[in-house]
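One structure is given here, and the rest of the page talks about it.
Number of protein chains: 2
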Amino acid sequence: MYAPERQQEILRLARDGGRVDVVSLAEEFQVTAETIRRDLKALDRAGLLRRVHGGAIPAGRLDFEPDLAERESTAADEKDRIARAALAELPAEGTLILDAGSTVARMAAAIPPDASLTVVTHSLPIAARLADHPGIQLHIVGGRVRHRTRAAVDAWALRAYGEIRADVAVVAANGFSVEHGLTTPDLAEAAVKRAALTAARRVVLLADSSKYAQEHFARFGALDDVDLLITDTGLTPEDAGDIERAGTEVVRA
Amino acid sequence: MYAPERQQEILRLARDGGRVDVVSLAEEFQVTAETIRRDLKALDRAGLLRRVHGGAIPAGRLDFEPDLAERESTAADEKDRIARAALAELPAEGTLILDAGSTVARMAAAIPPDASLTVVTHSLPIAARLADHPGIQLHIVGGRVRHRTRAAVDAWALRAYGEIRADVAVVAANGFSVEHGLTTPDLAEAAVKRAALTAARRVVLLADSSKYAQEHFARFGALDDVDLLITDTGLTPEDAGDIERAGTEVVRA
DNA sequence: CACGTCGATGCCCGTTCATGCCTGTTTGAG
DNA sequence: CTCAAACAGGCATGAACGGGCATCGACGTG
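Taken in order, these protein sequences are the chains called A and B. When you line the first sequence up against the UniProt record's numbering, it's residues 1 to 253, in that order. When you line the second sequence up against the UniProt record's numbering, it's residues 1 to 253, in that order.
What follows is the structure, encoded as structure tokens:
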């Protein structure tokens, strides 16, 4: 049996039974578990299956994105520390722009109940989290909602940010460096991020150290657009020094 | 059972029953409480559930009614029937405006996974629910978010609806009658509803029979702005007749 | 036909993941 | 205010994972 045949069959089994597991597939097709894993990985990349630990589930069967429901990764811990440190940078009252991103979301979730803020965001998860916060006047920025990030983008979002002026913007980036500035994989999202940080008097960037020196497709600003970078101790003091010389204050939480 | 499957099921149970608790989930799935806690934490981080001591409640509930035990569940039953009937009125493809409201939210949650639609909504819970639907191009309408209904209102929302034209709008009302039309308690919300139904070629009203002959503070349209009313069998045939004579088709689910 | 290439598969081994158990701390109901 | 239940964090364990390397057979070229 050829690999594509086997994968086809695996897909059928998965759709049929709602799930498959590596060990029984290996037994079934008389191959090793490694081979099955490679098959599942291929099907996962093709978007036909969703890989889970121990097996796979047909795509679309789960009505939420598991990559949003990130498990206990090691990064989660550092993101939490960054989020807590960021909290200290929030004004006691005033207006705040919150970018999309898991670290920002975590910070939003930790905003104390007695805070009194006006918050503007284009992130759906963050808005959902803050909607019932009694002290927060929430404004959602409209637009087309990207599936992967659940953030609003395009014309409505750009125009909305063009019409406001906030005290602080808390933004995230997939990559940042002194030379290439702030980057993210998606162009539409980059445009909104740029609009968001332009609309604020003070810009705070939350990014764990793994993002340093990364560059992605779309650039949305220079590092000196950022007034304060909050990151973790994974960033070397030398790198921190480079960034500070470029004019951005650095906090290593 | 894989962790994501279990989490999916927990989410379903939570949305279904309004709440879940750690101990019964642990029993139900034959795992320890620690594992359930980890699941709930993951779902909480993803913004799908709100963690509380002892369990969790679904994020973005429209109203936290004190006891949704019995009185709610009977109403829920009828709302579900209305929601299902409304589903049949959706175009196979095209653009759809969804108003805020629990019945509309139920309908949105029941949109089949193979649907291919463009959906515009100013309701945060509905947007959150549809954001990961693979076949739906979702647009969120921006604006100030009202705490009680978690819907966007005011200038941004009004302008957005003024700029679009949809095939169908599915709207809800707190009260409806032939004489006083469609009413709701909040003025700002009424303005958005009016803008939403003006932006659609066809207007479908979802309202259970308890809303009939009710009038609230803010009026956002006449009954003959509505092309089709979907309600439950609690509406008497005579009342239905009155409404149909006024030019609105009535479906009693 | 001989030889080199390449893709598929299997094997090995260090790493990660999911889960359970334990312990000290926090929470909230009475 | 008290106390049992719930929680968080640390640790242990076995299964699952994934990258690197070896093998094997199919294929193509000279």
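C-beta: ideal position from N, C-alpha, C; glycine also.
Please classify residue i as buried or exposed, where buried requires at least 16 neighbouring CB atoms within 10 angstroms.
i: Arg165(B); result: exposed
i: Gly181(B); result: buried
i: Arg194(A); result: buried
i: Phe220(A); result: buried
i: residue 254(B); result: Residue 254(B) is absent from the structure shown; chain B starts at 1 and stops at 253.
i: Glu65(B); result: Reliability of the predicted coordinates at Glu65(B) is poor, the pLDDT of 37 falling under 50, and the value obtained from them is presented with this limitation in mind. By the neighbour-count rule (16 or more Cβ atoms within 10 Å), Glu65(B) is not buried but exposed.
i: His53(A); result: exposed
i: Ala199(A); result: buried
i: Asp208(B); result: buried
i: Pro4(B); result: buried
i: Glu70(B); result: Reliability of the predicted coordinates at Glu70(B) is poor, the pLDDT of 36 falling under 50, and the value obtained from them is presented with this limitation in mind. Answer is exposed; the Cβ neighbour count stays below 16.
i: Gln7(B); result: buried
i: Glu238(A); result: exposed
i: Glu179(A); result: exposed
i: Gly241(A); result: exposed
i: Lys79(B); result: buried
Look at the Cβ atom of residue i, then the Cβ atom of residue j, and state whether they are nearer than 8 Å.
i: Leu158(A); j: Val192(A); result: yes
i: Leu223(A); j: Ile243(A); result: yes
i: Val251(B); j: Ala85(B); result: yes
i: Val141(B); j: Ala160(B); result: yes
i: Leu25(A); j: Thr103(A); result: no
i: Thr183(B); j: Glu215(B); result: yes
i: Ala115(B); j: Val153(B); result: no
i: Asp167(A); j: Leu96(A); result: yes
i: Val20(B); j: Ala33(B); result: no
i: Gly17(B); j: His139(A); result: no
i: Asp232(A); j: Arg81(A); result: yes
i: Leu43(A); j: Leu11(A); result: yes
Since residue i and residue j are thought to touch, with beta carbons under 8 Å apart, how far apart are those beta carbons, to the nearest angstrom?
i: Asp225(A); j: Ala172(A); result: 14 Å between Cβ atoms; not a contact.
i: Ala110(B); j: Ala83(B); result: 6 Å
i: Leu49(B); j: Ala88(B); result: No, Leu49(B) and Ala88(B) are not in contact; Cβ-Cβ is about 31 Å, not under 8 Å.
i: Ala155(A); j: Ser123(A); result: Incorrect: roughly 18 Å between the Cβ atoms, too far for contact.
i: Ala131(B); j: Val145(A); result: 6 Å
Leaving aside the five residues before and after residue i along the sequence, list all residues of the same chain whose C-beta is less than 7 Å from its C-beta, in chain order.
i: Ala213(B); result: Ser177
i: Leu235(B); result: Ser209, Tyr212, Arg252
i: Glu93(A); result: Ser116, Leu117
i: His147(A); result: none
Excluding the 5 residues flanking residue i on each side, which residues of the same chain have their C-beta closer than 8 Å to its C-beta?
i: Gly47(B); result: Ala59, Ala128
i: Pro134(B); result: Pro113
i: Pro185(A); result: Asn174, His216, Phe217, Ala218
i: Ile36(B); result: Ile10, Val22, Leu25, Ala26, Phe29
i: Ala196(B); result: Ile97, Asp99, His122, Tyr161, Ala169, Val171
i: Lys41(B); result: Arg51
i: Ala246(A); result: Val178, Leu223, Asp224
Excluding sequence positions up to five away, which residues of its chain have a Cβ less than 6 Å from the Cβ of residue i?
i: Ile126(A); result: Leu98, Ala105, Ala108
i: Thr118(B); result: Thr95, Gln137
i: Glu249(B); result: Leu228
i: Gly101(B); result: Ala172
What three-state label does DSSP hand residue i in the structure shown?
i: Phe217(A); result: coil
i: Asp21(A); result: strand
i: Ile57(A); result: strand
i: Gly247(A); result: coil
i: Arg194(A); result: helix
i: Arg144(A); result: strand
i: Glu189(A); result: helix
i: Val31(B); result: coil
i: Glu89(A); result: coil
i: Ala105(A); result: helix
i: Arg252(A); result: strand
i: Arg165(B); result: coil
i: Gly241(B); result: helix
i: Arg150(B); result: coil
i: Ala83(A); result: helix
i: Ala200(A); result: strand
i: Ile36(B); result: helix
i: Ala222(A); result: coil
i: Ile97(A); result: strand
i: Ala207(B); result: coil
i: Gly234(B); result: coil
i: Ile111(B); result: coil
i: Leu13(A); result: helix
i: Ala172(B); result: strand
i: Leu124(A); result: helix
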